[in-house]
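A.B. asks: Here you go, one structure.
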Amino acid sequence: GLKNPLGARAMYLFNKGGDMGYRLHGSPEWFSIGKAMSSGCIRLMNQDIIDLYDRTSVGAKVIVM
323 GLKNPLGARA MYLFNKGGDM GYRLHGSPEW FSIGKAMSSG CIRLMNQDII DLYDRTSVGA
383 KVIVM
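So the sequence shown is numbered by my numbering: it starts at 323 and just counts up by one.
Take a look at the structure:
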């Protein structure tokens with residue numbers, strides 16, 4: 323849900339079948355986006371993670387720069 327700490331959606335990142343422990347996820351606290359306030363996850367505004375989730379298929383390659 324929208325008040326969930328992982329926001330409206332969460333995308334789990336795997337490497338060779340193993341969970342990397344990192345997520346792409348929304349945040350109910352829009353003011354925290356862009357600040358070091360997580361354990362390494364990539365936080366997005368809820369509307370952005372919903373859009374990305376809807377455009378991405380399971381198994382898609384993710385490159386973090």
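A virtual CB, placed ideally from N, CA and C, is assigned to each residue, including glycine.
Every value quoted in this text rests on a predicted model; they were computed, and no experiment measured them.
(1) Exposed or buried, Met333, counting other C-beta atoms within 10 Å across all chains shown (16 or more means buried)?
(2) With a cut-off of 8 Å, does the C-beta of Gln369 fall near any C-beta of chain D?
(3) Excluding the five sequence neighbours on either side, which residues of its own chain have a C-beta within less than 6 Å of the C-beta of Met387, listed in chain order?
(4) Terminal residues of the continuous alpha helix (DSSP H) containing Leu374?
(5) When we look at the beta-carbon of Gly381 and count the other beta-carbons within 10 Å, is it buried (16 or more) or exposed?
C.D. replies: Per the coordinate set shown:
(1) On the sequence shown, position 11 is the one that residue 333 refers to. Classification for Met333: buried.
(2) Given the protein chain composition of this structure (a single chain), no chain D is represented.
(3) Counting from one through the sequence shown, the residue named residue 387 turns up at place 65. So no residue of the chain qualifies.
(4) Taking the sequence shown and counting its residues from 1, one reaches residue 374 at position 52. Where Leu374 is concerned, the enclosing alpha helix (DSSP H) stretches over 368-377.
(5) Your numbering for residue 381 matches position 59 in the sequence shown. Looking at its Cβ environment, which holds fewer than 16 other Cβ atoms inside 10 Å, Gly381 is exposed.
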